[in-house]
Amino acid sequence: MSLFGKKKCCSCGENIVTIYRKKLPCGLLCEKCSHEISPFVKSIRFTDTEKLRDHMAYRKENAELLEKFQITRIIGEKTRIVIDDRNGLFLIADCDRWSDRQPDVIRFDQVTGFDEYIEAIESGDYYESSKGIATDLPEGYMTCNFSFTLTVDSPWFDVISMQINKDDLITDDINSSEYREYKKMLAEVRETFRPYYRSARKIS
Ligand SMILES: [Zn+2]
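All residue numbers for the sequence shown refer to numbering that gives the first Met the number 0, where the first residue is 0 and numbers rise by one.
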């Protein structure tokens, strides 16, 4: 018996020859197949091979949609929402890892809800920066983050959240050009999906 035994991938059926293997509730997955799973879907969902087969078929269709995807707009600083207005499609991607793992392509009309959040922590409150250091803000300043959550009608995921800004915005003025720019980006996403969603909330 070899070191790893003879294990077959529960998706493609090939022998798993590399050390890399992903464990799913329904079995082991080879390296190639594990990269084909949606980044939005947790492994725990794959309780049986039939579900995995359905998912792989969905990902194949996704790859075809990605082929015809035409970028018309990109919103966001680190994580980005990438929009194809011609085909009514969008995806969420990290700018540096754009093609690493095939992002899920979602149709505009799959969006059923839109919530936007402007989180502001004022000076005097406990404040933890993105670097994890607790800091006291100068008097009169606040730290702000701008994000949104989309509720999506999909068999594979229900909710997608994204933060628009990369670093915390520290400001003493909600009329500053940076603050207004981030609000404008949130509004742009909201307006893109307005004809489709049934509910929207502003939480700030
Ligand atoms: Zn495989």
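Built from N, CA and C at the ideal position, the CB exists for glycine as well. All values derive from a computational prediction rather than experimental measurement.
Measure the beta-carbon distance from Lys165 to Glu76 and round it to whole angstroms, keeping in mind my assumption that it falls under 8 Å. Taking the first residue of the sequence shown as position 1, residue 165 is located at position 166. Taking the first residue of the sequence shown as position 1, residue 76 is located at position 77. At roughly 4 Å, the Cβ-Cβ gap stays under 8 Å, so Lys165 and Glu76 are in contact.
Quick one, which of Tyr196, Ile169, Ser198 and His34 has its alpha-carbon nearest Pro102's? As a first step, residue 102 must be located in the sequence shown, where it is residue number 103. Per the Cα distances, His34.
Quick one: what's got a C-beta closer than 8 Å to Met141's C-beta in the same chain, skipping five residues either side? Working through the sequence shown from its first residue, we reach residue 141 at position 142. Taken in chain order, the residues that qualify are Ala119, Ile120, Glu121, Ser122, Ile169, Thr170 and Asp171.
Would you tell me roughly how many angstroms separate the C-alpha atoms of Met184 and Lys5, rounded to the nearest one? As a working note, residue 184 is residue 185 in the sequence shown. As a working note, residue 5 is residue 6 in the sequence shown. One C-alpha to the other measures close to 52 Å.
Hey, how far is the Cα of Gln69 from the Cα of Tyr57? Numbered from 1 along the sequence shown, position 70 holds the residue referred to as residue 69. Numbered from 1 along the sequence shown, position 58 holds the residue referred to as residue 57. So the two alpha carbons sit approximately 20 Å from each other.
Could you name the residues that DSSP lists as bridge partners for Arg72? Your numbering for residue 72 matches position 73 in the sequence shown. In DSSP, Arg72 forms a bridge with Ile82.
Check: Ser37 C-beta below 7 Å from any heavy atom of ligand 1: In the sequence shown, counting from the first residue as 1, residue 37 sits at position 38. Result no, Cβ not under 7 Å from ligand 1.
How about Asp51 and Ser10: are their beta carbons less than 8 Å apart? By one-based count along the sequence shown, residue 51 stands at place 52. By one-based count along the sequence shown, residue 10 stands at place 11. This sequence places Leu at residue 51; Asp is not what is there. Their beta carbons are under 8 Å apart, which means Leu51 touches Ser10 by this criterion.
Given the structure, does Ser205 come close to ligand 1, in the sense that its CB is under 7 Å from one of the ligand's heavy atoms? Outside the displayed span of the chain (0 to 203) sits residue 205, for which this structure offers no information.
Tell me which residues share the same chain as Arg100 and place their Cβ nearer than 6 Å to its Cβ, disregarding the 5 neighbours each side in the sequence. As a first step, residue 100 must be located in the sequence shown, where it is residue number 101. Around Arg100: Pro38.
Alpha carbons only, please: which of Leu23, Arg179 and Glu63 is nearest the one belonging to Ser42? Translated into positions along the sequence shown, residue 42 becomes position 43. Closest option to Ser42, Cα to Cα, is Leu23.
For ligand 1, any of its heavy atoms closer than 7 Å to the Cβ of Lys22? For the purposes of this step, residue 22 is identified with residue 23 of the sequence shown, where counting begins at 1. Not so, every heavy atom of ligand 1 lies at least 7 Å from the Cβ.
Would you grab the beta carbon distance between Tyr196 and Val110 for me? Rounded to a whole angstrom, and I think it's under 8 Å. For this step, residue 196 is matched to residue 197 along the sequence shown. For this step, residue 110 is matched to residue 111 along the sequence shown. Contact flag correct, Cβ pair sits at about 5 Å.
Would you identify the three-state DSSP class for Glu121, choosing helix, strand or coil? The sequence position of residue 121 within the sequence shown is 122, counting from 1. Glu121: strand per DSSP, three-state reduction.
Keeping to the same chain, check which residues put their C-beta closer than 7 Å to that of Ser146; ignore five residues upstream and five downstream. For the purposes of this step, residue 146 is identified with residue 147 of the sequence shown, where counting begins at 1. If we look at Ser146 and ignore the five residues flanking it on each side, its Cβ neighbours are Tyr116, Ser160, Met161, Gln162 and Ile163.
Close beta carbons around Arg179, own chain, < 7 Å, minus the five adjacent residues each side: Residue 179 sits at position 180 when you count from the first residue of the sequence shown. Contacts found: none.
I'd like the ranges of any beta strand (DSSP E) spanning at least 3 consecutive residues and lying wholly in the stretch 153-191. 158-162 and 168-170
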